Amino acid sequence: MDSILVRGGQRLTGRIPISGAKNACLALMPAALLTEEPLTLTNAPRLSDIRTMAQLLESLGCEVASLQAGRVLVMGAEGISNHVADYDIVRKMRASILVLGPMLARDGHAVVSLPGGCAIGARPVDLHLMGLERLGATLDLRDGYVHASAPNGLRGGLVEFPMVSVGATENLLMAATLAKGTTVLRNAAREPEIADLARCLRAMGAQIEGEGTETIEIEGVDRLHGATHPVVADRIELGTYMLAPALAGGEVEMVGGRRELVAAFADKLEAAGIEVEDTADGVKVSRQNGGIAAVDVETAPFPGFPTDLQAQMMALLTLADGVSRLEERIFENRFMHAPELIRMGAHIEVHGGVATVTGVERLRGAPVMATDLRASVSLILAGLAAEGETRVARVYHLDRGYERLEDKLSACGAQIERVSERAA
Ligand code: EPZ
């Protein structure tokens, strides 16, 4: 197993290209199951989660071609030859549940393994299932699988989500495109990934209005056709790299990023004393000699502060002047990075969903590891600012969501490299 070795203390200068969004791409790929014509995604990120979704689609009989070294994905589901999404793939990646809505909408039946919990929380899929039932599906939970059927096709309906769910909104949005009549999704997620999916579905012939707001209306159509769609920029990758010069000092331009994708986060960075500037090509972040001010953060669905940037923001606040309060309101167990940051010299107390971070003057490098993607990258960010060497183990978490992380950071002057365990 590989680790990433970071030698802290280098100021960063340069430009980092922002890739297409993992979480948008993971929702866009299953949309290929809605039509017998090819769906082409450009600006796809090259990540292990994307390869896992490609494997899942292939297991269902969808052809997936990866062109331009993985930048372009062409998916063709002339027919769905297998309607069972197997536990072995679903357990690796929860986004696998997103094949349920499309298969059911197109062919009237689907069997998908229940994903189970994961490191950051229980993460049930009850809202996905409730929504599909509202569209007329019959569901049966047996042997760890959801057996869904709608022999006469799905029919439009009103789905009111009791809480905001990105995945459930995506599943229902896709399913409703082929349902008979009108579907209204209330309390829908407003994340940019939802708007991106709606744009792609519209290019495929779907009739959708209101994406990006709390109410999305979908008028079902008989069939969808192929399309070519560029994946939106990854706002979490953007926010993560915005924190690199904030922690290490220096000035870095994130090329292809846009402030509106991370507005709540950018506001907090500025409140912490970090300069954020829009440029012609993206967003520039700098911290010259100034310190970091303490700020309070509460995660919330978009347009609030993203839970997927909470760990990385905590890394910054370990070095702030004063006490910051971070409240995690989306997932119940998303502070696994805190004990590791403490090993690097941070002062953090966690009580339930609230972490209190008292800034320290410096962090010290240490061997660390984390059990999820965003926690892992927060340790890399901390390592950029720490004295000495930080070795982050379990790099496979990073490879799920950050493309060429060490190349992007070392191009800006970071001392960071991937080492194999044997060499370590
Ligand atoms: C998406 O997960 C993202 N994943 C997550 O990114 C992200 O953290 C999350 O949205 C919140 O922004 C993908 O897009 C592939 P939710 P998702 O349904 O859709 C509860 C990363 O690091 N809930 O919006 O699974 C759930 O337990 C990842 O890239 C139910 O109770 O998230 C959570 O507390 C991690 N029942 C809350 O809602 C349901 O049926 C929000 O979850 C569904 C969700």
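If you're matching positions, the sequence shown starts at 207 in our numbering and goes up one per residue. We treat Cβ as the ideally placed atom computed from N, Cα and C, and that holds for glycine. Nothing here was measured: the structure is a model prediction, and the numbers come from that model.
- Selection Ala-412, Leu-522, Ala-588, Ser-272 evaluated against Pro-573 yields Ala-588 as nearest (Cα-Cα).
- When the beta-carbon positions are compared, Glu-415 and Ile-400 stay at least 7 angstroms from each other.
- In this structure, Ala-316 sits near His-289, with a CB-CB distance shorter than 7 angstroms.
- For Gly-373, the CB falls within less than 6 angstroms of some heavy atom of the ligand EPZ.
- With distances taken between CA atoms, Cys-618 lies nearest to Gly-455 out of Thr-246, Ile-548, Gly-455.
- If only uninterrupted alpha helix (DSSP H) runs of at least 4 residues are considered, those enclosed by the stretch 476-549 are 516-523, 543-549.
- Here Leu-347 is exposed, its C-beta having fewer than 16 other C-beta atoms within 10 Å.
- Residue Arg-580 holds the alpha-carbon nearest to the alpha-carbon of Tyr-447 among Ala-250, Arg-580, Pro-509.
- If the five residues before and after Asn-393 are omitted, its C-beta is found closer than 7 angstroms to the C-beta atoms of Glu-366, Phe-367, Val-370, Glu-420, all from its own chain and listed in chain order.
- Collapsing the DSSP output to three states places Leu-360 in coil.
- Counting every other CB atom within 10 Å of its CB across the protein chains shown gives Thr-241 a total of 16 or more, marking it as buried.
- Taking one beta carbon from each stretch, the stretch 223-240 and the stretch 380-388 have 3 or more pairs nearer than 8 angstroms; the two touch.
- Distances from the CB of Pro-330 to the heavy atoms of the ligand EPZ include at least one below 6 angstroms.
- In this structure the stretch 319-326 touches the stretch 529-544; the number of beta carbon pairs closer than 8 angstroms is three or more.
- Non-local beta-carbon contacts of Ala-599 in its own chain, meaning distances under 6 angstroms to residues more than five positions away in sequence, involve Ser-209, Met-575 in chain order.
- In the assembly as shown, Ala-477 is an exposed residue. Its beta-carbon has fewer than 16 other beta-carbons within 10 Å.
- Looking at the backbone, the Cα of Glu-466 and that of Met-336 are separated by about 32 angstroms.
- Between Ala-452 and Lys-490, the alpha-carbon positions lie close to 11 angstroms from each other.
- According to the DSSP assignment, Met-369 belongs to no alpha helix (DSSP H), since it is labelled neither H nor E.
- By the neighbour-count criterion, in which 16 or more other beta carbons inside 10 Å mark a residue as buried, Asn-229 falls on the buried side.
- With 16 or more other CB atoms across the displayed protein chains lying within 10 angstroms of its CB, Leu-239 is buried.
- Annotation for Gly-220: the continuous beta strand (DSSP E) segment containing it runs 218-223.
- Minimum Cα-Cα distance from Arg-277 among the listed residues Thr-577, Gly-411, Arg-257 corresponds to Arg-257.
- Burial state of Asp-402 is buried, judged by a 10 Å Cβ sphere holding 16 or more other Cβ atoms.
- In this model, Asp-313 and Ile-442 are separated by some 34 angstroms (Cα to Cα).
- In this structure, Asp-487 has its beta carbon at no less than 6 angstroms from each heavy atom of the ligand EPZ.
- Here Gln-494 is exposed. Its C-beta has fewer than 16 other C-beta atoms within 10 Å.
- C-alpha of Glu-623 to C-alpha of Leu-211: approximately 5 angstroms in a straight line.
- Gly-456: not part of any alpha helix (DSSP H); member of the beta strand (DSSP E) spanning 456-461, first to last residue.
- With a contact defined as Cβ atoms closer than 8 angstroms, Gly-488 and Gly-462 qualify at about 6 angstroms.
- Bridge pairing for Lys-386: Arg-361 [DSSP].
- The secondary-structure analysis by DSSP pairs Thr-375 with nothing; it has no beta-bridge partner.
- For the set Leu-532, Tyr-608, Met-550, the Cα lying nearest the Cα of Val-556 is the one of Leu-532.
- Rounded to whole angstroms, the gap between the alpha carbons of Phe-471 and Pro-398 is 14 angstroms.
- Relative to the Cα of Leu-253, the nearest Cα in the group Arg-606, Leu-218, Gln-621, Val-482 belongs to Arg-606.
- The C-alpha of Val-566 is placed about 19 angstroms away from the C-alpha of Gln-216.
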